[in-house]
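Shown next, in C-alpha cells, is the structure this report addresses.
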Ligand SMILES: [Zn+2]
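Numbering (the working numbering), first residue to last: -1 to 288.
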C-alpha cells in the first residue's frame, strides 16, 4: 500500500484510531451498568437494591440468587459478596419525569431515575451515591451542595461517634457524611478501595466463623469416638465383626458428610482472604448486553 506510485495513503490508512464499534460498546456497557440489573441483566425496576460495591440490582433477582446461587450462571462472580439481604440496601429512587415516548432521540432513551435535588439523569454521566442508612439516592454534586461545605475538622478530625450527623435532604434521617455514603457504580480505583473496605469488614466477621467451624468439627469428632466405644466391649465375635462393618460404613458416611460440611462452611467464609476477594469481585462483567 503506497510508495509504489499506485496509490496515495491518506490519514485513515496511517493513523490507527479506536474502531467505532469499540466506542459504542463502551457506551452500551455504561448504559447497562446504570439502567439494568447487574445480576439478571433486566431493566432496573423498583424495588432496586445496591451492595457495598455500589452495584445496582433488582431486588427480586437478588432474592432468587440467595435462594439458589446457581440460578444466574455468573452470579457468584458479580455478587458473591452478597450473602444475605442484610448485605444490600433497598434504594429510594426518584423516577425520571421525562418518559421515553416524549423523547426525540429514539436511540438513547432517557434514564429511568434522576437526582431529586438537581434533576440530573442517573445514566453514568455524573457520579451518584446513596446513603447507606436510609437508601436515598442523590447525585454527588447535588448532595454536596445541599450539605454545604465540609470543614476538615468536621469530616476528619473527630471519631465517627462524636462527629456531628447530617440530615438526609429527602427523608431527614440522620447519617454520617464520611461513613454512610456509598458511590453507585464507582470507577475502577474507587471500587478497589470499596473492595478493601468490604474485605476488612468480612475478615473481622470471619474470626467468629472460624470458632463455629471448629465447634462443628468437634461435635462430629466426639460422635465417632462414642460409636467406637460402644462396639468395643461386645463379646460375640460374629456380632462384633458384623456391627464393626456397619460402624465402619457409618464412619465412612460420616467422614463424607463432614468433608461436605466443612466445604459448605468454607464457602461461607470465602471472602476471608483479600486475594480471593479481588478474584471473585473483579471477575464481574457487564458484557452480556454489549
Ligand atoms: Zn434518606
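The beta carbon of each residue, even a glycine, is placed where N, CA and C say it ideally should be.
Would the beta-carbon of residue 127 fall within 8 Å of that of residue 92?
Taking the C-beta atoms as reference points, residue 92 is found no nearer than 8 Å to residue 127.
Spatial distance of residue 171 from residue 52 (CA atoms)
C-alpha separation (whole angstroms): 20 Å.
Using a C-beta cutoff of 8 Å, does residue 175 count as contacting chain D?
Of the chains in the structure shown, none is chain D; there is only one protein chain.
Taking residue 48 and residue 86 to be in contact with their CB atoms under 8 Å, please state how far apart those CB atoms are, rounded to whole angstroms.
Right, the Cβ-Cβ distance comes to about 6 Å (below 8 Å), so this counts as a contact.
List the DSSP bridge partners of residue 112.
Looking at the DSSP assignment, residue 112 forms a beta bridge with 92 and 119.
Applying the 10 Å Cβ sphere with the 16-neighbour rule, what's the burial state of residue 12?
Around the beta carbon of residue 12, fewer than 16 other beta carbons lie within 10 angstroms, which makes this residue exposed.
Is the stretch 60 to 70 touching the stretch 129 to 144 in the sense that three or more CB pairs, one from each, lie closer than 8 Å?
Contact between the stretch 129 to 144 and the stretch 60 to 70 is absent, because fewer than three Cβ pairs lie under 8 Å.
So does residue 87 have its beta carbon nearer than 7 Å to some heavy atom of ligand 1?
Checking every heavy atom of ligand 1 against the Cβ of residue 87, none is found closer than 7 Å.
Which same chain residues, not among the five before or five after residue 14, have their C-beta less than 6 Å away from its C-beta?
Shown here for residue 14: not one same chain residue has a beta carbon closer than 6 Å to its own, the five before and five after excluded.
Start and end residues, alpha helix (DSSP H) containing residue 26:
Residues 18 to 33.
Let me make sure I understand the geometry here. Which of 16, 186, 201 and 115 has the alpha-carbon closest to that of residue 167?
The shortest C-alpha separation from residue 167 is found at 115.
Check residue 180 in the structure and name its three-state DSSP category.
Three-state result, residue 180: strand.
Counting C-beta neighbours from all protein chains within 10 Å, is the total for residue 267 16 or more, i.e. buried, or is it exposed?
Residue confidence is low: residue 267 scores 49 on pLDDT, short of 50, so the model does not pin down where it sits. No coordinate-derived value is stated.
Using 7 Å as the cut-off, classify the Cβ of residue 134 as near or not near the heavy atoms of ligand 1, replying yes or no.
Within the cutoff, so yes.
Pull up the distance between the alpha-carbon of residue 42 and that of residue 146, whole angstroms please.
Taking the straight line from one Cα to the other gives about 31 Å.
Following the continuous alpha helix (DSSP H) through residue 6, name the residue where it begins and the one where it ends.
That residue, residue 6, is in no alpha helix (DSSP H); it is neither H nor E in DSSP.
Inspect the beta-carbon positions of residue 131 and residue 178 and report whether they are closer than 8 Å.
It is a contact, given that the beta carbons lie within the stated cut-off.
Quick one: measure Cβ to Cβ for residue 89 and residue 135, integer angstroms, because I've assumed they're closer than 8 Å.
Their Cβ separation, rounded to whole angstroms, is 5 Å, which keeps residue 89 and residue 135 in contact under 8 Å.
So, helix, strand or coil for residue 217, using DSSP?
For residue 217, the predicted structure reports a pLDDT of 41, less than 50, and the residue's modelled location is therefore unreliable. The matter cannot be settled from this model.
Is the beta carbon of residue 32 closer than 8 Å to that of residue 117?
No, the Cβ-Cβ distance between residue 117 and residue 32 is not below 8 Å.
Skipping 5 residues on each side, what residues in its chain have a beta carbon closer than 8 Å to that of residue 70?
Once the five neighbours on either side are set aside, the close Cβ partners of residue 70 are 37, 38, 59, 62, 63 and 76.
In the DSSP assignment, find the unbroken beta strand (DSSP E) run with residue 127 in it and report its ends.
Where residue 127 is concerned, the enclosing beta strand (DSSP E) stretches over 126 to 129.
Measuring CB to CB, does residue 96 end up less than 8 Å from residue 108?
Against a cut-off of 8 Å, the Cβ pair of residue 108 and residue 96 comes out as a contact.
Could you check whether residue 122 and residue 68 sit closer than 8 Å to each other, using their CB atoms as the reference points?
No. Outside cutoff.
I want to check one thing, is the minimum distance from the CB of residue 142 to the heavy atoms of ligand 1 below 7 Å?
No - ligand 1 has no heavy atom lying nearer than 7 Å to the Cβ of residue 142.
For ligand 1, any of its heavy atoms closer than 7 Å to the Cβ of residue 16?
No, the Cβ of residue 16 stays beyond 7 Å of every heavy atom of ligand 1.
Buried or exposed: which applies to residue 129, given that a residue is buried once 16 or more other Cβ atoms fall within 10 Å of its Cβ?
Residue 129 comes out buried.
For residue 47, the three-state DSSP class (helix, strand or coil)
For residue 47, the three-state secondary structure derived from DSSP is strand.
Closer than 7 Å: is that where the CB of residue 294 sits relative to any heavy atom of ligand 1?
Outside the displayed span of the chain (-1 to 288) sits residue 294, for which this structure offers no information.
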